[in-house]
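Working notes, beginning with the structure itself.
Residue numbers (my numbering): 48 to 426.
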């Protein structure tokens, strides 16, 4: 009987929420009689005033507004002081505060997420106050001491934020934590290695539950850009190391061939080599293989070799496809996930690299007529 009553009450609450489709914010602001209080919507690109009231001597206020489609940020503004809160349903939020310390020392009920945001904001505002107190008049020792204190506070704040993010990466508080600033600098950045997993956790979670939300799209795009830039940077670093050694102009590959014999690319030193990243399961494979075979038959006796790295996902199908192939065919157990595809910056297949007899890469992904001309020049 009790369980049935609870279910009915919850259902009634949900129905009421859908029917009203509004949220309310009310409370008392003490010592603020005669002041203007504003409620504002903080969207991704702009902040909009929704309503305002001139506070009476009692300081009471009550705002109502339409519930957002997705959880979003709102704020109460009194002069230049701000209280930020979140609305993700038809909450009835109550906020009690005083004019003095309006932005930090307030009591909020009706939104657990907003209480977490209050904690995050209070922490950052304390750090910002310390940063604002830095002065060129301070001695070097005093300045270094205060900076070290600020850095310590930032570390403590970020640790608190990390725990909050991991507990619920799909919450608006987790999103809010990623966009906090000190001295107009974000405390979290997907471009910083230690921060990236937390940014990615929020982006992935938001994308799973709210893929069409503008905040989701913005954050997800930012994280993807950071990942791409990191990969490109690693690629440049790898190639830089190869070139800096002043040796071969290629990255060595060490994989098993179709007969489970380990074959190194470097074993072909002194030959003209075509490194080929391709897949037999691709639509153009048959015509592509015939074109490779024609080149191989023409120039193999002169010292031309093909070192083919398979990016096929299906190992059994690959083994069947290469059974009668005369050149070197190798494959990583990870298939298209091989690290060599990253090392050679393979973004599409087929991709080829032509090495001269000295091991220098002299061409990439030439059309077959141009590739044959380049091969001839190597002999």
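All C-beta atoms in this analysis are idealised placements derived from N, C-alpha and C, irrespective of residue type, glycine included.
Along the chain, where does the beta strand (DSSP E) containing residue 354 start, and where does it finish?
That run of the beta strand (DSSP E) goes 351 to 357.
Residues of its chain near residue 425, where Cβ-Cβ distance is below 6 Å and the 5 sequence neighbours each way are ignored
319, 403
Three or more C-beta pairs below 8 Å linking the stretch 230 to 244 and the stretch 198 to 216:
yes
C-alpha gap between residue 190 and residue 151, whole angstroms:
Approximately 27 Å, taken between the alpha carbons.
Residue 249 - partner residues in DSSP beta bridges
Bridge partners of residue 249: none, in fact.
Using CA atoms only, rank isn't needed, just tell me which of 277, 126, 259, 393 is closest to residue 322.
393
Could you work out which residue in 172, 216, 359 is closest to residue 231 when comparing CA atoms only?
172
Under the three-state DSSP convention, the category residue 303 falls into:
strand
Counting along the chain, where does the alpha helix (DSSP H) carrying residue 196 start and finish?
187 to 214
Shortest alpha-carbon distance to residue 226 belongs to which of 371, 106, 269, 179?
269
So, with DSSP's three-state summary, where would you put residue 420?
Residue state, collapsed to three classes: helix.
Report the start-end ranges of each beta strand (DSSP E) in the stretch 313 to 379 that is 3 residues or longer and not cut off at the edges.
319 to 325, 351 to 357, 375 to 378
Closer than 8 Å is the cut-off here; do at least three beta carbon pairs connect the stretch 339 to 346 with the stretch 406 to 413?
no
Are three or more beta carbon pairs between the stretch 154 to 162 and the stretch 133 to 140 nearer than 8 Å?
yes
So is residue 205 buried or exposed if we call it buried at 16+ other beta carbons inside 10 Å?
buried
May I ask you to verify whether the stretch 102 to 110 touches the stretch 70 to 83, counting CB pairs closer than 8 Å and requiring at least 3?
yes
Which one of 396, 372, 355 has the shortest CA to CA distance from residue 301?
When each option's Cα is compared against that of residue 301, the closest is 355.
Would a C-beta distance cut-off of 9 Å place residue 145 and residue 101 closer than the cut-off?
no
Alpha-carbon to alpha-carbon, residue 385 and residue 369:
19 Å
Which residues DSSP lists as bridging residue 83, in chain order:
101
For the candidate residues 103, 87, 105, whose alpha-carbon lies nearest to that of residue 120?
The candidate whose alpha carbon is nearest that of residue 120 is 87.
Check whether the Cβ atoms of residue 222 and residue 266 sit closer than 9 Å, and answer yes or no.
yes
Leaving out five residues on either side along the sequence, give the residues of the same chain with a beta carbon under 7 Å from the beta carbon of residue 14.
One cannot answer for residue 14 here, as it falls past the ends of the chain, which runs 48 to 426.
Neighbourhood of residue 376 by C-beta distance below 7 Å, restricted to the same chain and skipping five residues each side
304, 305, 355, 357, 369
Taking just the CA atoms, how far does residue 185 sit from residue 69?
Our two residues, residue 69 and residue 185, have alpha carbons roughly 52 Å apart in a direct line.
Within 10 angstroms of the Cβ of residue 134, are there 16 or more other Cβ atoms? Answer buried if so, exposed if not.
Around the C-beta of residue 134, 16 or more other C-beta atoms lie within 10 Å, and the residue is accordingly described as buried.
Beta-carbon contacts of residue 217 that lie in its chain and below 6 Å, excluding the five residues immediately before and after
Hits under 6 Å: 252, 256.
Would residue 361 and residue 328 be called neighbours here (beta carbons separated by less than 9 Å)?
The answer is yes: Cβ separation under 9 Å.
With residue 244 and residue 335 assumed to form a contact (beta carbons below 8 Å), what rounded beta-carbon distance in angstroms separates them?
Wrong, their Cβ atoms sit about 39 Å apart, outside the cutoff.
Can you tell me the Cβ-Cβ gap for residue 274 and residue 229, rounded? I've got them flagged as a contact below 8 Å.
So it is not a contact: roughly 25 Å between Cβ atoms.
Spatial neighbours of residue 165 within its chain, please: CB distance less than 7 Å, with the 5 preceding and 5 following residues excluded, ordered by chain position.
The residues are 155.
Continuous beta strand (DSSP E) stretch holding residue 427: start and end
Residue numbering for the chain in the displayed model covers 48 to 426; residue 427 lies beyond these limits and cannot be assessed.
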